[in-house]
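Residue numbers (the working numbering): 11 to 701.
We put the beta carbon where it would ideally sit given N, CA and C, even for glycine.
Quick notes on the structure that follows.
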Amino acid sequence: MTYNAQRAVQLLRLGSGLQDAQFREGQEDAIRHIVEGRGRLLVVQKTGWGKSFVYFIATKLLRQEGHGPALLISPLLALMRNQIAAAERMGVTAETINSDNQNEWASVEAKIQRNEVDVLLISPERLANERFRTEVLASIADRIALLVIDEAHCISDWGHDFRPHYRLIERIAATLPANLRLLATTATANNRVIDDLKVVLGPDLGVSRGDLNRPSLKLQTIRLPSQAERLAWLAAQVPALPGHGVIYTLTVRDAILVADWLRSCGLSVESYTGKTGDRRPELEQALLDNRVKALVATTALGMGFDKPDMAFVIHYQAPGSVVAYYQQVGRAGRALDAAYGVLLSGEEETDITNYFIRTAFPTRAEVEQVLNALRAVREGLSLPELQVHVNLSHGRIETTVALLSLESPAPIVKQGPKWRLTVASLKEEFWARAERLTALRLEEQQQMQDYVQLASGHMEFLIRALDGDPGTIRPPALPLLPTATDTLLVQEAVAFLRRTSLPIEPRVKWPAGGLAQFEVKGSIPAHLRAQPGKALCIWGDAGWGGLVRRGKYHDGCFTDQLVDACKAMVRQWDPQPAAAWVTCIPSRRHPDLVPDFARRLASALGLPFHAVLEKTDDRPEQKEMANSAQQARNVDGALAVTVQPLPAGPVLLVDDMVDSRWTLTIAAWLLRSRMSGEVWPLALAFSGQDR
11 MTYNAQRAVQ LLRLGSGLQD AQFREGQEDA IRHIVEGRGR LLVVQKTGWG KSFVYFIATK
71 LLRQEGHGPA LLISPLLALM RNQIAAAERM GVTAETINSD NQNEWASVEA KIQRNEVDVL
131 LISPERLANE RFRTEVLASI ADRIALLVID EAHCISDWGH DFRPHYRLIE RIAATLPANL
191 RLLATTATAN NRVIDDLKVV LGPDLGVSRG DLNRPSLKLQ TIRLPSQAER LAWLAAQVPA
251 LPGHGVIYTL TVRDAILVAD WLRSCGLSVE SYTGKTGDRR PELEQALLDN RVKALVATTA
311 LGMGFDKPDM AFVIHYQAPG SVVAYYQQVG RAGRALDAAY GVLLSGEEET DITNYFIRTA
371 FPTRAEVEQV LNALRAVREG LSLPELQVHV NLSHGRIETT VALLSLESPA PIVKQGPKWR
431 LTVASLKEEF WARAERLTAL RLEEQQQMQD YVQLASGHME FLIRALDGDP GTIRPPALPL
491 LPTATDTLLV QEAVAFLRRT SLPIEPRVKW PAGGLAQFEV KGSIPAHLRA QPGKALCIWG
551 DAGWGGLVRR GKYHDGCFTD QLVDACKAMV RQWDPQPAAA WVTCIPSRRH PDLVPDFARR
611 LASALGLPFH AVLEKTDDRP EQKEMANSAQ QARNVDGALA VTVQPLPAGP VLLVDDMVDS
671 RWTLTIAAWL LRSRMSGEVW PLALAFSGQD R
């Protein structure tokens, strides 16, 4: 097919909304390569270069010559609103089929059959859906003119954003006609990833690789070990920064905490995480319109979000790899002469990234638990049923079955809602791949810590880590930001961290299958439930978390500071009707720890303390139980009320740690069943297992 250069420029100007827009270096060459059918192409270009213009313009040119639709596989469907809007301005009809738009599937599928769709966007996970493969993909497979694989580094075992379902693309690519147009795009592929992609997508894969230097970025690293120091630094520096930006955190919890702190300091900020839900488009637009100073975000605001005039990207903790950092910090300064990229490094970051590395793949023992459970039940087990049979968390079970099902041949398969064994066995190659990727991520983590220690040469370090040529780097003439923190602000941050408390939501249903020894199942009657409770902190976190950990495992006693903090929390909470007495969860391993604390708290509140519950036998610690069903059964029959009648009035039920809430739920049910008043749970700390 002949490439129409004039029409391509016209489409660029329509899509960008700029009447004098010109192609960036490499863009037009890539479009021409695709349109003229010169072979499969990998485009490696930095964020903001305009990779989406390449595939949308190529698609439009192909469609105008009578070719079939393009299929675009991307992990970013929820973040491609800007790109799709640009495509629509070019007259490209883009539709998506994903788990969030099921009510639109029939309409989209009808448009596909009528050849009214130019680009069909799907996530890689959609390729695992049997209905999609047989009813949608099969019907257009012979008409697809272009296959686009966005964020192609995810295909590679070496990719920093490894997405298991991208492995399905490897199988699809192997069966594609040699002359099918294929475009793979990414911003963060080093030599190892490119070599992997050549194996998967074909040895004749062409590579268009651009300059990695971001000349507008002023990069800086600042080591501030405590969260209070980093909160104080943000409170002092963010208001003084010009423009608007993003503050990245490693966890959802920290995104919410940092946003709450900055709002308490008078800044207009919002948190943006995977749990933000339907508000994501609204918050993205607020940042695009400069109606918020910053979004405090996890990687949920990552690949695919484009604000050309973003003036700063600040990291609250160091991410796990240089390639992840390069991609995130590269969101700043795309259309500005100068922008800040500041990394604040804290003492907790390696614990967090170690957790992510450790949990990326299942262990041999975890795989064996799942396979043994499926061997024992020939008709198969659903995910909730697997939780009853194996002592693994829901997330660990989900990861294990997903990865096993993507092997070829797969040892398990999903039929309806249930997972079943196949005749295939798990190959040793699975473990070799897991070990290789784990080792790489540990290397990347250390490389990121080396970056943290730099006093200068930050951009050169990043480019070399990505196997690029740093050439001559001239950072913008921005002054370095202060590295010291204000003592008074640090004290205010500590006070803020210690003012926070977390809700303990009451459970309203017994676990699937009920509890055999207590002979209960289904819904928990409203009059036998716990009331909403409070936890002082997260285990080990900034604020009170460190004191709770020290008290439990070092001192063997919780400090009076924690008594005073819980007293203040109860006064602020003011549950109604107010507690008339205090009791606590008993323990055989630490028989005096919680009762001693509960007695002192009762005294501080001016309430009587009564030990009315006992442990009837020894059970494993709840922290050894990995999911809710296991934790519920671990308490089944293990608690009893020893005093009758119970003291009159509502009761404050005290424990040191709360995780699944089953211990508090069962204790409250026992107390209410024996005619206690309302039960108000209070815990010193949440376990902090949810990263």
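State the start and end residues of the unbroken alpha helix (DSSP H) segment that holds residue i.
i    : result
W59  : No alpha helix (DSSP H) holds W59; DSSP gives it neither H nor E.
Q37  : 37–45
Y461 : 438–462
L130 : Looking at the DSSP string, L130 is not in any alpha helix (DSSP H); the run it does join, the beta strand (DSSP E), is 129–132.
I473 : 468–475
P605 : 603–615
F506 : 497–509
V339 : 332–339
I676 : 672–683
L572 : 570–583
A122 : It should be pointed out that residue 122 corresponds to Ile in this sequence rather than to Ala. It spans 115–123 - the alpha helix (DSSP H) in which I122 sits, taken as one unbroken run.
A18  : 15–26
L490 : That residue, L490, is in no alpha helix (DSSP H); it is neither H nor E in DSSP.
A639 : 638–645
L557 : 555–560
From the DSSP secondary-structure annotation, give me the bridge partner or partners of residue i.
i    : result
C547 : A695
T593 : L663
W429 : L391, K424
T231 : L353
E624 : A650
A80  : V129, L156
V54  : T196, R219
W690 : L662
From residue i to residue j, what does the alpha carbon distance come to, in whole angstroms?
i    : j    : result
C594 : T626 : 15 Å
K70  : V102 : 6 Å
A18  : S218 : 19 Å
L24  : A245 : 41 Å
R701 : E359 : Low local confidence applies: a pLDDT of 33 at R701 is under 50, so the model's placement there is unreliable, with the coordinate-based value given in what follows. Those two C-alpha atoms are separated by around 12 Å.
G78  : R191 : 11 Å
N139 : E145 : 10 Å
S670 : P521 : 11 Å
V279 : P394 : 38 Å
Q501 : G351 : 26 Å
A693 : A578 : 14 Å
R42  : V53  : 13 Å
Q699 : F371 : Note on Q699: pLDDT 47, under 50, position unreliable in the model; the coordinate value appears next. Distance between the alpha carbons of Q699 and F371: 17 Å.
G390 : W441 : 24 Å
P587 : H254 : 46 Å
E114 : R153 : 22 Å
P318 : Y326 : 22 Å
S26  : I473 : 28 Å
L22  : R73  : 16 Å
R443 : D565 : 43 Å
L293 : R34  : 30 Å
G276 : Q32  : 42 Å
Considering Cα atoms alone, identify which of the options is closest to residue i.
i    : options                : result
L193 : L272, V689, F66, E453  : F66
A590 : F607, Q455, A612, T144 : A612
A552 : L538, L507, N644       : L507
V400 : I232, A465, L617, L384 : L384
H600 : F619, E624, R388       : E624
P585 : P596, Y563, A540       : A540
L272 : A503, E631, R99, W429  : A503
V127 : L615, L81, P85, N108   : L81
I257 : P513, T283, V664, L499 : T283
P85  : S62, I132, G276        : I132
R598 : Q641, F568, L649       : L649
T432 : L293, A328, L381       : L381
T12  : G76, D110, A188, D602  : G76
P691 : G550, P329, T673       : T673
L488 : N300, I266, A348, L137 : A348
P174 : E46, L414, R559        : L414
Over the uninterrupted beta strand (DSSP E) stretch that includes residue i, give me the two end residues.
i    : result
P372 : Run containing P372: none; DSSP gives neither H nor E here.
E105 : 104–106
I324 : 322–325
I514 : 512–514
* To do: Jot down the residue ranges of each uninterrupted alpha helix (DSSP H) in the segment 243–319, minimum 4 residues, whole runs only, in chain order.
  => 262–274, 290–298
* Complete runs of the beta strand (DSSP E) confined to the segment 151–226 [at least 3 residues] -> 156–159, 191–196, 216–219
* Asked: In chain order, which alpha helix (DSSP H) runs of at least 4 residues are fully inside the segment 400–424?
  -> 404–415
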